[in-house]
Amino acid sequence: MVCARTASAPLLAAALVAALAVACSLVSGAYAAAEQEAAGAGGNDLRLRQPPITRGLSFDFYKRSCPMAESIVRDFVRDAVRKDVGLAAGLLRLHFHNCFIQGCGRARVMHACRAATGPGEQRAPPNLTLRPSAFKAINDIRDRLERECRGAVVSCSDILTLAARDSVVATGGPEYRVPLGRHDSPRFATPQDVLSGLPATTSAVPSLLDVFHNHSLHLDATDLVALPGGHTVGLGHCVSFEVEFPQAVDPTMSPDFLGRLKRTCPAKGTDARTRDVRTPDVFDNKYYVNLVNREGFFVSDQDLFTNEATRPIVERFARSQRYFFNQFGVSMVKMGQIRVLTGDQGQVRRNCSARNPGSADGNLGLQWSSLVQTVVDAAAESLGF
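If you count by this note's numbering, then the sequence shown holds residues 7 to 391, one letter each, in order.
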């Protein structure tokens, strides 16, 4: 009996060690799985969280007609942003405005913002807050694609979608896949379209959510918080304070931060001031860190943290850049599908600043151009992009 007990002791010890190893492995695996879930499916891989794709769009839409389309846009944006990092914010803002004024497949904003002529054009906030270099970049990409693909194959709406994504990547942000196949509309935005499409910088979360839901049933509170993360490489303009100050300023703003803004913004003017005071030229999660520190630029920024419904999302983005990156990509894909035109709808523009000759709709865009310009002037800072 003694010998039997002595012989079994090593076996028992080995069994205990093996059991402990299995237990540790299970705990480690569970922890890793929980960490991956908290980070938003892990890394920058969005395949597990890809939102539904609108019929007519696909990830390989130009596989046969223009297989180099994405690489051409990516290389152009990368080189251009190296020379002018501010272009990244300009392209992002164009994409946001294009989507929120009647849909991402329309490319209306580009014409509306360039159509007006006359002495007032240089004073128009869109021309002061929307970068002319961004408009030029889209048309330059359009020309390059037309040469490489032997004709007008890639739509301006898809070019803008790709350029916005590649601007994020070029400044250190996440790389995410975007479905393509949008067509451009022969119509342009009316003043009513502009006013109904863009909320004001004084808007609080409930009003912002109403605007989001009016545009798409798929956009929710998480998207509302994630999309303004593009402000991390954006600029605010003092013209907003001139027009709306102090109404546009959140009453909970840090007194020190408010004092700095008042000192740096002239009494009248359009000087640009960074929305991200920490890393203005890098796409990161510092926009949300700023909100937690009550350094949001406008009410529409800071209320994301003040409001109880969206505060936990802001705090989570501020804690985890990886989680924000993953959600930003998902939200951009969702936004990029707002009322798109596909199939036999719309057209592929040969010039991104004008509809094709012979398009239907008469001179609607031209006869409205001056009025549209005036309305956009007042709404240019609406989303702050």
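For glycine and all other residues, C-beta sits at the position ideal for the given N, C-alpha and C.
{"Asked": "Taking the Cβ atom as the reference point for each residue, do T177 and V79 lie within a distance shorter than 8 Å?", "Found": "no"}
{"Asked": "Nearest-angstrom Cα distance between S209 and L215?", "Found": "10 Å"}
{"Asked": "Could you name the residues of the same chain whose beta carbon sits closer than 6 Å to that of A232, not counting the 5 residues immediately before and after it, in chain order?", "Found": "Q333, F334 and S337"}
{"Asked": "Check whether the Cβ atoms of P73 and H224 sit closer than 8 Å, and answer yes or no.", "Found": "no"}
{"Asked": "Using a Cβ-Cβ cutoff of less than 6 Å, which residues in the same chain neighbour V211 once the five nearest sequence positions on both sides are dropped?", "Found": "D309, N313 and T316"}
{"Asked": "Assign Q351 to one of two classes, buried (16 or more other C-beta atoms within 10 Å of its C-beta) or exposed (fewer than that).", "Found": "exposed"}
{"Asked": "Is it a yes or a no for the stretch 149 to 162 touching the stretch 317 to 329, going by three-plus beta-carbon pairs under 8 Å?", "Found": "no"}
{"Asked": "Return helix, strand or coil for L186, following the three-state DSSP convention.", "Found": "strand"}
{"Asked": "How about S161: is its C-beta nearer than 8 Å to some C-beta of chain D?", "Found": "The structure shown has no chain D; it contains just one protein chain."}
{"Asked": "Inspect the beta-carbon positions of P180 and F331 and report whether they are closer than 8 Å.", "Found": "yes"}
{"Asked": "How far does the alpha helix (DSSP H) with L97 in it reach, from first residue to last?", "Found": "G92 to F106"}
{"Asked": "Expressed to the nearest angstrom, what Euclidean distance is found between the alpha-carbon atoms of G62 and L267?", "Found": "46 Å"}
{"Asked": "In angstroms with no decimal places, state the Cα-to-Cα distance between V239 and E301.", "Found": "15 Å"}
{"Asked": "Contact defined as beta carbons within less than 8 Å: I believe C105 pairs with I344. What is the distance between those atoms, to the nearest angstrom?", "Found": "5 Å"}
{"Asked": "Kindly indicate which three-state DSSP category S64 falls into: helix, strand or coil?", "Found": "strand"}
{"Asked": "Tell me the DSSP bridge mates of L347?", "Found": "H189"}
{"Asked": "Using a threshold of 8 Å, state whether the C-beta atoms of V175 and G342 are closer than that.", "Found": "no"}
{"Asked": "If we count the other Cβ atoms within 10 Å of its Cβ and call it buried at 16 or more, is D262 buried or exposed?", "Found": "exposed"}
{"Asked": "Determine the direct distance from the alpha carbon of L168 to that of Y182, and round the result to whole angstroms.", "Found": "10 Å"}
{"Asked": "Using only the alpha-carbon positions, how far apart do K69 and L100 sit?", "Found": "26 Å"}
{"Asked": "Looking at R84 and D172, is the spacing between their C-beta atoms short of 8 Å?", "Found": "yes"}
{"Asked": "Please report the distance separating the alpha-carbon of S71 from that of N299.", "Found": "49 Å"}
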